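Written out below as C-alpha cells is the structure these notes cover.
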Amino acid sequence: MAQTRIVLTVTGNDRPGLTSALADAIVAAGGNWQEGHFSRLGGLYVGSVLVELDESKVGQLDEGARALDIGDLRVVASRARDDDGPQGQPFLFELVGADRPGIISQVTAALAKLGANIESLSSHEEAAAWGGERLFRAEVLATLPEGIEPEAAQDALEAISGEIMVDFSFEGG
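So the sequence shown is numbered by our numbering: it starts at 3 and just counts up by one.
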C-alpha cells in the first residue's frame, strides 16, 4: 500500500489534552507521528506534526483532524512534498541581544542575500540578569548553497551585529 505524508498544523486556545487528542486522531487513522513542533505562543497552542500513513487512510485522518477543529482550535492538513533534505552545507548559530524590532528581519535578510535557506528558527525573550532588560535569543539552522562557505555567512552576520546590537555564536566557532 502506498504511503503518504501529511503535515497537520494546529492553532488555537491552549488547554490540557490537545496534544493527546491530536496523537489519538493520528493513531486512529493508522498514522505514524514522525516529527512535531509545538509550543505555547502568545497564549495560543501552535504547532505542526508530520504524519506518515497509508494513502487510503488520508480521509480518516482528515475526519479525525476536523473533529478536533472546533470553535477555538483550527487544524489544517496539507500534503507533504517529497524532500531529499537540505541541499548544501548546514550553518548553525545563536544570537543574543537587547530585544528590539527588526532583529530577525535583518538577520534573515543577510542570509537571503547569500542564498541561504532557513531550516529552523527558534526564538524567545528572557529577562537579563542585570537591570531587568529584555533579551532576545534565537537559534537558527540554515543551509548554505554550494559555493558559500560558513566563514562568508559568519562575516555577513558579524557585519550587522553592531547595527542590530546582538552577539552571535557559531557552531564550531
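Glycine residues also receive a C-beta, built at the ideal position from the N, C-alpha and C atoms.
Quick caveat, the model's predicted, so the values are computed rather than measured.
By the neighbour-count criterion, in which a residue is buried when 16 or more other Cβ atoms sit within 10 angstroms of its Cβ, Gly104 is exposed.
A distance below 8 Å between beta-carbons, with the five flanking residues on each side excluded, links Glu57 to the following residues of its chain, in chain order: Met3, Ala4, Gln5, Thr6. Of the residues Gly44, Phe95, Leu63, the one whose Cα lies closest to the Cα of Ala25 is Leu63. Straight-line spacing of the CA atoms in Ser122 and Gly133 works out to 31 Å.
Considering only Ser50, Ile28, Thr13, the residue with the shortest C-alpha distance to Asp74 is Thr13. DSSP lists Glu141 as the bridge partner or partners of Ser124. In this structure Gly33 is buried. Its beta-carbon is surrounded by 16 or more other beta-carbon atoms within 10 angstroms.
Sequence-distant partners of Glu148 (beyond 5 residues in either direction) whose C-beta falls short of 7 Å from its own C-beta, in its chain, are Gly90.
Membership of Pro152 in the alpha helix (DSSP H) is indicated by the continuous run 152-166. Beta-bridge partners of Ser80 (DSSP): Val9.
In the three-state reduction of the DSSP assignment, Asp169 falls in the strand class, which pools E and B. The criterion of a C-beta distance shorter than 8 Å is satisfied by Ala100 and Glu135.
In summary, Ala161 is exposed, with fewer than 16 beta-carbon neighbours lying within 10 Å of its beta-carbon over all protein chains present.
Look at Gln36 here: in three-state DSSP terms it is strand. Taking 8 Å as the upper bound for CB-CB distance, Ala67 and Leu20 are not in contact here, some 12 Å apart. In the DSSP assignment, Glu96 falls within the beta strand (DSSP E) that extends over 91-100.
Under the 10 Å beta carbon count, Val109 is surrounded by 16 or more other beta carbons and is classified as buried. A distance of 8 Å or more separates the beta carbons of Ala140 and Leu113.
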